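Undergrad: In the working numbering, the protein residues as written are 81 to 519.
Using N, Cα and C, we set each Cβ at its ideal position, and we do this for glycine too.
In this text the structure is predicted, and so the values were computed from the model without any measurement.
1) Quick check on this structure: which residue in 519, 244, 498 and 486 has the alpha carbon closest to the alpha carbon of residue 510?
2) Starting from residue 395, trace the alpha helix (DSSP H) in both directions and tell me its first and last residue.
3) Answer yes if the segment 312-328 comes into contact with the segment 394-405, meaning at least three C-beta pairs across the two stretches below 8 Å, and no otherwise.
4) Is residue 354 helix, strand or coil when you go by DSSP?
5) Identify which residue in 339, 268 and 401 has its Cα closest to the Cα of residue 359.
6) Just mark residue 497 as buried or exposed, buried being the case when its beta carbon has 16 or more other beta carbons within 10 Å.
7) For residue 367 versus residue 472, is the C-beta spacing smaller than 8 Å?
8) Quick one: grab the DSSP three-state call for residue 339.
9) Would you report the Cα separation of residue 203 and residue 249, rounded to the nearest angstrom?
10) Counting along the chain, where does the beta strand (DSSP E) carrying residue 274 start and finish?
11) On the criterion of 16 or more Cβ atoms from any shown chain inside 10 Å, does residue 162 qualify as buried, or is it exposed?
12) By DSSP, does residue 506 sit in helix, in strand, or in coil?
13) Please classify residue 451: is it buried, with 16 or more other beta-carbons within 10 angstroms of its beta-carbon, or exposed?
14) From this set, 385, 329, 324 and 449, which residue's C-alpha is nearest residue 354's C-alpha?
15) Can you tell me which residues form a DSSP beta bridge with residue 375?
16) Give the DSSP bridge partners of residue 200, in chain order.
17) CA-CA distance, residue 227 and residue 238?
18) Taking the straight line between their C-alpha atoms, what separation do you get for residue 205 and residue 265?
19) Does residue 207 come out as helix, strand or coil in the three-state DSSP assignment?
20) Assuming residue 373 and residue 426 form a contact by the criterion Cβ under 8 Å, report the distance between their Cβ atoms to the nearest whole angstrom.
21) Report the option in 474, 189 and 431 whose CA atom is closest to the CA atom of residue 460.
22) For the segment 457-487, which segments carrying the alpha helix (DSSP H) assignment without a break, of at least 4 residues, lie completely within its bounds, in sequence order?
23) For the alpha helix (DSSP H) containing residue 284, list its first residue and its last residue.
24) To which residues of the same chain is residue 208 closer than 8 Å at the C-beta, ignoring the five residues directly before and after it?
25) Do residue 324 and residue 259 have their beta-carbon atoms positioned less than 8 Å apart in this structure?
26) Measure the alpha-carbon distance for residue 187 versus residue 399 and round it to whole angstroms.
27) Output the distance between the C-alpha atoms of residue 182 and residue 268, rounded to the nearest integer angstrom.
28) Do residue 277 and residue 322 have their C-beta atoms closer together than 8 Å?
29) If you measure between the beta carbons of residue 195 and residue 185, is that distance less than 8 Å?
30) Using the Cα positions of residue 433 and residue 369, report the straight-line distance between them to the nearest angstrom.
31) Under a Cβ-count criterion, where at least 16 other Cβ atoms within 10 Å of its own Cβ denotes burial, should residue 243 be classed as buried or exposed?
32) In chain order, what residues of the same chain have a beta carbon less than 8 Å from the beta carbon of residue 103, not counting five sequence neighbours either side?
33) Mapping the DSSP letters down to three states, classify residue 522 as helix, strand or coil.
34) In angstroms, rounded to a whole number, what distance separates the CA positions of residue 332 and residue 514?
35) DSSP three-state label for residue 246, please.
36) Give the straight-line distance between the Cα atoms of residue 429 and residue 364, rounded to the nearest whole angstrom.
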């Protein structure tokens, strides 16, 4: 980028940025004055170039260059160069884009936050956030993101894989005003700043602690609101929910979808905010998977989202996963917890069988091969259930259901837990939030 282009880049930045320090702002028409200044610098530099290449006799005859202007231009150039280099770095790192955020660093007197990086939405359509400085005590990561910094207010997440990138659209119109759904701002393609929604529910389950049943009430009602708007989270699980001491919050909701307005009967399109295909086998069943996705006609072995306006399976999949998370984190019964944590559903079985098949294919040891074949046959015969509740463990679910589900809905919730795909086929009108018994 030459000097003229750099100055023009600065002018565009100055004109459109609302985050300029007011103390240093030029009074009056900022853009007009900065443009005149840049034009003056350019003219002086052009004359300087001409002067350095012109014959000496010409300089003697046409010595009309104002030496004070030359000195001033050189001073401005030296001071401005550092600023341009900073802008170049921000642009190359994805920290400054036409749609995005501007990063500022606090270098004031407050030592507790000295060096803290703040991110300002250029168009002021998102609140100011900052990157925490504290490193989390334990590893907190999913399949795509990892928590790198954390404090009481915010959490910083980065991609696990070096070459992965975040989408930076930050479009949250579909979940506006739904308080328990936690939205993370992608301030660059390599950094998301999210509000600290509390302790991950999976930690409560692993530690043996329980969460009060009432903490799920707001989340259940908010999930109903989202479904009424034809929005679906698609990957609810303990690892994607958090407890802040008062209520349950949904986190990591980047892969949600929402139904667009129907154009033709039974044919629809979705707004896909992240991945087209997303699910966790433990909280999904083969029946639901078949109803929501289908095989790609162009890419062998790949799934794609079904384009249909019949969304009962999407709704039921969210409710099924939410109810499993709710039961596992509120019950004190070890048998019930085990029924969920060690569920033998068909989708989970297929994943295990695929892993065993890979091991068999790469195995050259006869004894190990025999063991793998026995494991394969055992898994195939055990992981057969279309839902988390079955004839063997149903007795462990009964006390919880009687205490926490409205009596008139016991049959429906049992159907939801036993075979959610079949339950979805009945086109249920009642939302899970209306079946839960909150006192």
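TA: The relevant details are as follows:
1) 486
2) 392-410
3) yes
4) coil
5) 401
6) buried
7) no
8) strand
9) 13 Å
10) 271-275
11) exposed
12) coil
13) exposed
14) 385
15) 383
16) 182
17) 7 Å
18) 11 Å
19) coil
20) About 15 Å; that fails the 8 Å criterion.
21) 431
22) 474-484
23) 281-287
24) 198, 199, 200 and 201
25) no
26) 48 Å
27) 10 Å
28) yes
29) yes
30) 17 Å
31) exposed
32) Only weak support is given to the placement of residue 103: the predicted model assigns it a pLDDT of 39, under 50, and the value that follows is read from those uncertain coordinates. None.
33) This structure does not reach residue 522, given that the chain is present from 81 up to 519, and the question cannot be answered.
34) 25 Å
35) coil
36) 11 Å
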